[in-house]
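Heads up, the thing below is written out as structure tokens.
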Amino acid sequence: MDLTQILEIATCTDPGMVRSHNEDSIAADAANGLVVLADGMGGYNAGEVASGMATTVIVTEMRQILTGSKPYQVDAKTKEEIAPKIVREQVLKANTSIYQAAQTQPQYAGMGTTLVVCLYYDNRMLVAHLGDSRLYMLRDGKFKQVTRDHSLLQEQIDSGIITAEQAKKAAHKNLVTKALGIDPTVEPEIHEYPTKPGDIYLLCSDGLCDMVEDDDIGMTLQALGANLKLAAEQLVQMANDNGGRDNVSVILVRVLREYPGTKGMMGKVFGWLK
Amino acid sequence: MAKLILSMDGLVLKEIPLTKERTTLGRKPHNDIQIDNLAVSGEHAVIVTILNDSFLEDLGSTNGTVVNGNPVKKHFLQNNDVIELGKYKLKFIGEAAPAAGAGGDKADFEKTMVLRPSTMKAAAQAAAAAGGGAQAAVAARQAAVQAAGQSAAATGIADKDAAKAPAAAAAAPAAAPAPGAAPAAPAAKPSGQPLGAIQLLSGGNAGKELELTKPLTTLGKPGVQVAVLTRRPQGYFITHVEGAARPEVNGQQIGAAPHALKDHDVIELAGIKMEFFLKA
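Just so you know, the protein sequences line up as chains A and B, in that order. For my numbering, count along the first sequence from 1 and bump the result up by 178. For my numbering, count along the second sequence from 1 and bump the result up by 2.
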């Protein structure tokens, strides 16, 4: 099912005001309902290599799989939908590619990347993430964070050492506890959420949420939601106006209308036959 | 390194650098900072230092711990916070920001880094071997997270693995001073710039004035014509958001790009005229 007419997607990425390289990488495939954002890390230019590999591997592999099958298909053996499985497998594939490159080529040693992947299908959204890149959602005027960072700071907040207020002032914002390509294997956090027409989803690297308050991000989406491209540019500009100390990337996805997976009775019958 | 300045009645008694992960305060002699005063409990409070952050915790003292005039149980210490214990005052001085010359290092430190399980275990063991004080009060999980933080400070690339790190509760005093990165300052608000406002010149609300205090203000009718006024450090800008026609500034239709507004520009939007001006 082609989602080009159902999902409106706008992207924007910028090196920021301080860094010379952009180590973030973004990719969007509206037809397959897939968006990927990665924030690379590692010396010299290895960060952008890692994030670039992550987005490329995931988008190409997913595209190939989705031409032959649907995410909501039920696997004959496990009796479960294949979406979480295929997303997980492609994330692991990207992990292996990055890890091996880092192992075999000295200039890439230690590189890795954070990741947020969203796959839209059947009026739902599957989110897989690693590290501190985030997914937010604006629905019915309410703006909230969907993913929970895999970061030292978040663990400290969870264990009650510090409060969310204190976290804003903490120095070690940059330490992530999970990332792609660092270890031979990795377990991405995967969740599924129902979507509603009118929802706006924001994927962003920490360059945005560290520089711009959540309230201001929400207000911008609400005010400029009618013009998604402008909203994306405005968010990047706000991060840069506030100092732009890191690369800033945003992907905005708006759900224009419903997109049920199976079409009526015939679809269901066909689904059973399979 | 962060430090405390102990004083009584405005008289500085001594300076205490916070070298240890846990610095205890109390009346009894085994405390790291002993304050021999009856208003101070035997074990009064503790300061836990993780990387560049220090947390003050009251240990159930009789007379309580006061920071900047407010009683606290747990407190994230900020530069220049004043802790009061009876007649004594302890001023907290945070880690100094690195010199501007060290900008490169600072940028490096701010870069996202991963905490790796493998190196972490080694670091935690090394730390334990180095003979760190046992951490009793804090749960093992927290300790592991702290240990991870410390190894992060020491090695630049550290990692976490709370579940696996055995006896990670034995966290060592910070091995090396953390690379002095200033805490990321909260987003700077455009300040010191004149406040802009618009006054409606036509329509039902003619004469009405609207101050542009927010980073962005939308104008117009949704679905018909909408423009946004953005407040940036370099001034105010108007940008077209939606609608077939773009807004006009001084009779000229603006382009797709943001248009900088000057004092007394006249904007026309959805059939309404308004004047933009800067307040003194």
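C-beta: ideal position from N, C-alpha, C; glycine also.
Neighbour-count burial assignment, residue i, 16 or more Cβ in a 10 Å radius
i: B/L15; result: exposed
i: B/E211; result: exposed
i: B/L13; result: exposed
i: A/D185; result: According to the sequence as given, residue 185 of chain A is Leu; it is not Asp. It counts as buried.
i: A/T233; result: buried
i: A/E436; result: exposed
i: A/R241; result: exposed
i: B/N39; result: exposed
i: B/G134; result: Residue placement at B/G134 cannot be trusted, given a pLDDT of 40 that sits under 50; what the coordinates show is reported in the next sentence. Classification of B/G134: buried, given that the 10 Å Cβ count is 16 or more.
i: A/K356; result: buried
i: A/T245; result: exposed
i: A/E201; result: buried
i: A/Q412; result: buried
i: B/H32; result: exposed
i: B/N81; result: exposed
i: B/A164; result: Since pLDDT at B/A164 reaches only 35, below the 50 mark, its modelled position is unreliable, and no value is offered.
i: A/Q198; result: As written in the sequence, residue 198 of chain A is Ser, which differs from the Gln given in the question. It is exposed - the Cβ of A/S198 has fewer than 16 other Cβ atoms within 10 Å.
For residue j and residue i, believed in contact at Cβ under 8 Å, the rounded distance
i: B/L8; j: B/L92; result: 5 Å
i: A/V269; j: A/L293; result: 7 Å
i: A/A306; j: A/V324; result: Actually they are not in contact, since the Cβ atoms of A/A306 and A/V324 sit about 12 Å apart, beyond 8 Å.
i: B/N23; j: B/K5; result: The question names Asn, but residue 23 of chain B in the sequence shown is Glu. Contact doesn't hold; Cβ gap of about 15 Å is too wide.
i: B/T26; j: B/V48; result: 5 Å
i: B/L271; j: B/Q227; result: 6 Å
i: A/L381; j: A/I276; result: So it is not a contact: roughly 19 Å between Cβ atoms.
i: B/I256; j: B/H242; result: 6 Å
Whether residue i touches residue j by CB criterion (9 Å)
i: A/G220; j: A/V227; result: yes
i: B/V84; j: B/V69; result: yes
i: A/K374; j: A/R312; result: no
i: A/L297; j: A/L308; result: no
i: B/L53; j: B/T67; result: no
i: A/D218; j: A/S229; result: Inspection of the sequence shows that residue 218 of chain A is occupied by Gly rather than by Asp. Yes, these two residues count as a Cβ contact at 9 Å.
i: A/A409; j: A/L434; result: no
i: A/R423; j: A/M195; result: yes
i: A/Q415; j: B/R234; result: yes
i: A/T191; j: A/N352; result: no
i: A/A261; j: A/E367; result: no
i: B/H261; j: B/F279; result: no
i: A/V364; j: A/N273; result: yes
i: A/Y299; j: A/K248; result: yes
i: A/M397; j: B/P19; result: no
i: B/L231; j: B/T215; result: no
i: A/L181; j: A/A205; result: no
Reduced DSSP category for residue i - H, G, I as helix; E, B as strand; rest coil
i: A/Y437; result: coil
i: A/V324; result: coil
i: B/T215; result: coil
i: B/H266; result: coil
i: A/D207; result: strand
i: B/A190; result: In this predicted model, B/A190 has a pLDDT of only 43, less than 50, meaning its place in the structure is not dependable; the value taken from the coordinates is given anyway. Coil.
i: A/S275; result: helix
i: B/Q80; result: coil
i: A/D339; result: Looking at the sequence itself, residue 339 of chain A is Ile, so the reference to Asp does not match. Three-state DSSP puts A/I339 in coil, outside helix and strand.
i: A/T170; result: The question about residue 170 of chain A has no answer here: the residues shown for chain A are numbered 179 through 452.
i: A/V348; result: Inspection of the sequence shows that residue 348 of chain A is occupied by Ala rather than by Val. Coil.
i: B/E23; result: coil
i: A/E186; result: strand
i: B/D163; result: Here B/D163 scores only 36 on pLDDT, less than 50, and its place in the model should not be relied on; the value that follows carries that caveat. Three-state DSSP puts B/D163 in coil, outside helix and strand.
i: A/L453; result: Here chain A covers residues 179 to 452 and nothing more, so residue 453 of chain A does not appear.
i: A/L270; result: helix
i: B/Q255; result: strand
i: A/D202; result: strand
i: B/A174; result: Because B/A174 carries a pLDDT of 37, less than 50, the predicted location of this residue cannot be relied on, and the following value inherits that uncertainty. B/A174: coil per DSSP, three-state reduction.
i: B/V42; result: coil
i: B/M276; result: strand
i: A/D318; result: coil
i: A/K356; result: coil
i: B/T64; result: coil
i: B/E97; result: coil
i: B/G28; result: strand
i: B/M3; result: coil
i: B/K91; result: strand
i: A/D192; result: strand
i: A/L308; result: strand
9 Å Cβ cutoff, residue i in contact with chain C
i: B/E277; result: This model lacks chain C altogether; the protein chains it does include are A and B.
Practice prompt. Pick out the complete alpha helix (DSSP H) segments inside the stretch 212-267 of chain A, 4 residues or longer, and give them in chain order.
Written response: 224-246
Discussion item. For a minimum of 4 consecutive residues, which ranges assigned as the alpha helix (DSSP H) are wholly contained in the stretch 361-446 of chain A?
Written reply: 384-387, 392-402 and 406-419
Practice prompt. Quick one: which unbroken beta strand (DSSP E) runs of 3-plus residues sit fully inside the stretch 197-251 of chain B? Chain order, please.
Written response: 198-202, 211-214, 218-223, 227-234 and 237-244
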